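Residue numbers (this note's numbering), protein chains in the order written: chain A, 121 to 435; chain B, 121 to 435.
Heads up, the beta-carbon is just placed ideally off N, CA and C, and yes, glycines get one too.
Everything numeric in this text was worked out from a predicted model, so none of it was measured.
Scroll down for the structure; my scribbles are underneath it.
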């Protein structure tokens, strides 16, 4: 496929995080059978990177108690790169045992948010990354470690989070042994200009190890932020069907960027994603049925694809 | 105010079009008294360019039958630049008589949409612009003429609209005597890459006479499209409180970019607009009360401003 716009990447990856970030912040507990259906449908729609859950104690997040089972199932789907979130060494040991392809260690650059959400300072999380790396290497495991820097654009508790602090912590996680790093606008404070500034510097620090942008659509700027990140060369983004998710410490948050809307943005600009938007819209409808009592988001499902949209979206 | 981001304009204008584009496409007929309140509140919030109505026969758009009265009222508000839409010479004569500051002549670059919506071909509209210019000059009027090229990114009836045709018609309107030209994504088919391509060429053709970008948020890309247009130097955008509006020939359309969300995008990036977002949110709430039976849009009103947002947004 030729690159239609020279200032944008030729292809991009939509990483599905609905089963983790989406489900962890809503009340409905989805049965494992429906999660398997979700995984199968996302895979059939062409998604090849999916975060299937989180290795946290079931008493904290009963919604995600079946994560080990889901990793095992996801690994049966051909070509699927399976991620999980791990908050600490204990979770990482589970991810290694489950042979996940990647484990994401969340760090909050906001000291206040970090204490409220993870009960650790950001630098204590960095130290945990070093222990996780040691455990991974000792086990001879090939599970990659992604250090995810959250509240990268500010936080509802602390307010401002300095760019220099975000970049320092990103560098610290790389130094501690993270194979990949990513940035998350956990509470929807980013704008496209701030994205450009921060992501440009993050790419200078991490290069090929910079992995993913995670945007929330809290104030309507989710896709504008994605576009800005694309312009500086980022080409992997987290998303959830129907834009579910959000952060319990981000009141009023309207959730993640919607998978189907992100796929439309990318597809409309001729950026290859390998996904079939029609199937993503069908998956959204099923998820919406399962989560009937939850507030959902997104635009494309109401308006459908333009007449001018390329028919064959799949690779 | 210093320019915080060198790739973006230092200031921008949010042109309020809710009283025209918003109200014309919804069923509720707002009493003139409420429209005056709306105008007063938008002016008090710092808005200095407002499209107050349309000079079309009252039997076609009873919602806008009080346009002459509203122009007269709007002209009493200090420093307000008052626009109206005029579909033809007859409407233009009314706009000239009312001493509007600017009259917008809509042209649809889609032949099919033009016939369905205006009952004229695009080139017949160009000829009408020439007649309007002659009438304006003969009257010794100072009312500016803006040629607005709609369905600039495609159309629900015809599908594709060629960029070359959009640019040809823009040039033709300038040649026919339009003082300003603008581009509208009437049905929400634009994406940021297409915006960049088309607007770059439009600016080459029209230079300082390029006036305004009009985006709908039909498929969630409204603000991403605004950001892309800002990057090529456009700094005036149409918007409606609560994102009301849309096109009767664009089924499922979710309306214009929301004024308050646009103000947030611009303000967050340090682009001076002179508007007070708190007052815009208060206006949105009043409009939402008046239009209780209509479907409303927008994000900021649910999440409110970030803790980190500059307090004083007004100029």
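- Excluding sequence positions up to five away, which residues of its chain have a Cβ less than 6 Å from the Cβ of residue 166 of chain B? As a position in the second chain, residue 166 of chain B is number 46, starting the count at 1. So the qualifying residues of the chain are 394, 395, 396, 434.
- Applying the criterion that 16 or more other CB atoms from any shown protein chain within 10 Å of the CB defines a buried residue, is residue 422 of chain B buried or exposed? What you label residue 422 of chain B is simply residue 302 of the second chain in a count that begins at 1. Exposed, since its Cβ has fewer than 16 Cβ neighbours within 10 Å.
- Task: Return the Cβ separation of residue 391 of chain A and residue 129 of chain A in integer angstroms, given the expectation that the two are a contact with Cβ distance under 8 Å.
- Result: By one-based count along the first chain, residue 391 of chain A stands at place 271. By one-based count along the first chain, residue 129 of chain A stands at place 9. Your pair residue 391 of chain A and residue 129 of chain A checks out as a contact, with CB atoms roughly 6 Å apart and the cut at 8 Å.
- Query: Can you name, in chain order, every residue of its own chain whose Cβ lies under 7 Å from the Cβ of residue 127 of chain B, other than the five neighbours on each side?
  - Reply: Here the question's residue 127 of chain B lines up with position 7 in the second chain. Within the same chain, residue 127 of chain B has close Cβ partners 351.
- Should residue 256 of chain B be labelled buried (16 or more other beta-carbon atoms within 10 Å of its own) or exposed? Position 136 of the second chain, counting from 1, holds the residue named residue 256 of chain B. It is buried - the Cβ of residue 256 of chain B has at least 16 other Cβ atoms within 10 Å.
- What does residue 170 of chain B pair with, by DSSP beta-bridge criteria? As a position in the second chain, residue 170 of chain B is number 50, starting the count at 1. Looking at the DSSP assignment, residue 170 of chain B forms a beta bridge with B/136, B/202.
- Task: Taking C-beta pairs closer than 7 Å, name the residues in chain B that residue 374 of chain A reaches, listed in chain order.
- Result: Stepping through the first chain from its first residue, residue 374 of chain A is reached at position 254. Neighbours of residue 374 of chain A on chain B, chain order: 419, 422, 423.
- Alpha carbon to alpha carbon, how far is residue 330 of chain A from residue 215 of chain B? Locating residue 330 of chain A in the first chain gives position 210, counting from the first residue. Locating residue 215 of chain B in the second chain gives position 95, counting from the first residue. Between residue 330 of chain A and residue 215 of chain B, the C-alpha separation is close to 56 Å.
- Query: Exposed or buried, which one is residue 134 of chain B when buried takes at least 16 other CB atoms within 10 Å?
  - Reply: Against the second chain, residue 134 of chain B aligns to sequence position 14. Flag for residue 134 of chain B reads buried.
- Message: Spatial neighbours of residue 124 of chain B within its chain, please: C-beta separation below 6 Å, excluding the five flanking residues on both sides.
- Response: Here residue 124 of chain B refers to the residue found at position 4 of the second chain. Answer for residue 124 of chain B: 390, listed in chain order.
- Task: Closer than 7 Å by beta-carbon distance: list the chain D residues that pair up with residue 283 of chain A, in chain order.
- Result: Looking at the structure shown, chain D is missing, and the protein chains on hand are A and B.
- Inter-residue CB distance, residue 204 of chain A and residue 171 of chain A (contact presumed, cutoff 8 Å): Here residue 204 of chain A corresponds to residue number 84 of the first chain, with the count starting at 1. Here residue 171 of chain A corresponds to residue number 51 of the first chain, with the count starting at 1. Residue 204 of chain A to residue 171 of chain A, Cβ: 7 Å. Contact.
- Task: Quick one: give me the first and last residue of the alpha helix (DSSP H) that residue 362 of chain A is part of.
- Result: For the purposes of this step, residue 362 of chain A is identified with residue 242 of the first chain, where counting begins at 1. Element bounds for residue 362 of chain A: n/a, residue is neither H nor E.
- Segment contact flag, the stretch 178–189 of chain B with the stretch 142–156 of chain B, C-beta cutoff 8 Å, min 3 pairs: Yes: at least three Cβ pairs fall under 8 Å.
- When DSSP labels each residue in this structure, what does residue 389 of chain A get in the three-state scheme? Reading the first chain from its first residue, position 269 is the one you call residue 389 of chain A. For residue 389 of chain A, the secondary structure class from DSSP, reduced to helix, strand or coil, is coil.
- Task: Return the residues of the stretch 328–359 of chain A that lie within a Cβ-Cβ distance of less than 9 Å from chain B, sorted by chain order.
- Result: The stretch 328–359 of chain A vs chain B, Cβ under 9 Å: 337, 338, 339, 340, 341, 342, 343, 344, 345, 346, 347, 348, 350, 351.
- Message: Comparing C-alpha positions only, which one of B/161, B/321, B/376, B/387 sits nearest to residue 340 of chain B?
- Response: Position 220 of the second chain, counting from 1, holds the residue named residue 340 of chain B. Of B/161, B/321, B/376, B/387, the residue nearest in Cα terms is B/376.
- Query: How would you write the range of the beta strand (DSSP E) that residue 305 of chain A sits in, first residue to last?
  - Reply: Taking the first residue of the first chain as position 1, residue 305 of chain A is located at position 185. In the DSSP assignment, residue 305 of chain A falls within the beta strand (DSSP E) that extends over 300–305.
- Beta carbon proximity, residue 405 of chain A to chain B, threshold 9 Å: Start at 1 with the first residue of the first chain, and residue 405 of chain A comes out as number 285. No, residue 405 of chain A lies away from the interface with chain B (no Cβ there is under 9 Å from its Cβ).
- Residues bridged to residue 334 of chain A (per DSSP): By one-based count along the first chain, residue 334 of chain A stands at place 214. The bridge partners DSSP lists for residue 334 of chain A are A/304.
- Would you call the CB atoms of residue 225 of chain B and residue 245 of chain B closer than 9 Å? As a position in the second chain, residue 225 of chain B is number 105, starting the count at 1. As a position in the second chain, residue 245 of chain B is number 125, starting the count at 1. Yes, these two residues count as a Cβ contact at 9 Å.
- Taking all protein chains shown into account, decide if residue 328 of chain A is buried (16 or more other Cβ within 10 angstroms of its Cβ) or exposed. As a first step, residue 328 of chain A must be located in the first chain, where it is residue number 208. Exposed, since its Cβ has fewer than 16 Cβ neighbours within 10 Å.
- Task: Starting from the C-beta of residue 179 of chain B, find all residues in its chain whose C-beta is less than 7 Å away, skip the five residues before and the five after it, and write them out in chain order.
- Result: Locating residue 179 of chain B in the second chain gives position 59, where the first residue counts as 1. Closer than 7 Å at Cβ, skipping near neighbours: no residue.
- Pick from B/406, B/212, B/137, B/275: whose alpha carbon is nearest that of residue 253 of chain B? Reading the second chain from its first residue, position 133 is the one you call residue 253 of chain B. Comparing C-alpha distances from residue 253 of chain B to each of B/406, B/212, B/137, B/275 shows the shortest one belongs to B/212.
- Between the Cα of residue 138 of chain A and those of A/407, A/429, A/424, spot the shortest distance and give me the residue it belongs to. In the first chain, the residue the question calls residue 138 of chain A occupies position 18. Here the closest residue by C-alpha is A/407.
- Message: Can you pull the chain A neighbours of residue 388 of chain B, defined as C-beta to C-beta under 7 Å?
- Response: Locating residue 388 of chain B in the second chain gives position 268, where the first residue counts as 1. Ordered by position in chain A, the residues that pass the 7 Å Cβ test against residue 388 of chain B are 311.
- In terms of residues, what are the limits of the alpha helix (DSSP H) holding residue 157 of chain A? The sequence position of residue 157 of chain A within the first chain is 37, counting from 1. Segment 152–164, the alpha helix (DSSP H) holding residue 157 of chain A.
- Message: Is the separation between the beta-carbon of residue 164 of chain B and that of residue 191 of chain B shorter than 9 Å?
- Response: In the second chain, the residue the question calls residue 164 of chain B occupies position 44. In the second chain, the residue the question calls residue 191 of chain B occupies position 71. Result no, Cβ atoms of residue 164 of chain B and residue 191 of chain B do not sit closer than 9 Å.
- Message: So, under 8 Å CB-CB, residue 267 of chain B and residue 227 of chain B are touching, yes? Tell me the CB distance rounded to an integer number of Å.
- Response: As a first step, residue 267 of chain B must be located in the second chain, where it is residue number 147. As a first step, residue 227 of chain B must be located in the second chain, where it is residue number 107. Between residue 227 of chain B and residue 267 of chain B the Cβ distance is about 6 Å, and since that is below 8 Å, they are a contact.
- Within 9 Å of chain A by C-beta, residues of the stretch 263–276 of chain B in sequence order: Answer in chain order: 273, 274, 275, 276.
- Message: Can you pull the chain A neighbours of residue 381 of chain B, defined as C-beta to C-beta under 9 Å?
- Response: The residue given as residue 381 of chain B occupies position 261 in the second chain. Result: 339, 340, 341.
- residue 269 of chain B, enclosing beta strand (DSSP E) - first and last residue: Counting from one through the second chain, the residue named residue 269 of chain B turns up at place 149. Where residue 269 of chain B is concerned, the enclosing beta strand (DSSP E) stretches over 264–270.
- Are the CB atoms of residue 374 of chain A and residue 387 of chain A nearer to each other than 9 Å? Walking along the first chain from the start, residue 374 of chain A turns up at place 254. Walking along the first chain from the start, residue 387 of chain A turns up at place 267. The answer is no: Cβ separation not under 9 Å.
- So does residue 222 of chain B have its beta carbon nearer than 8 Å to some heavy atom of the ligand MN? Of the ligands one can find in the structure shown there are none, so the ligand MN has no counterpart to examine.
- Is residue 126 of chain A helix, strand or coil by DSSP? Counted from its first residue, the first chain places residue 126 of chain A at position 6. In the structure shown, residue 126 of chain A falls within a coil segment according to DSSP collapsed to helix, strand and coil.
- Item | Where the beta strand (DSSP E) containing residue 227 of chain A begins and where it ends | Taking the first chain and counting its residues from 1, the one referred to as residue 227 of chain A is at position 107. Here the beta strand (DSSP E) through residue 227 of chain A covers 222–228.
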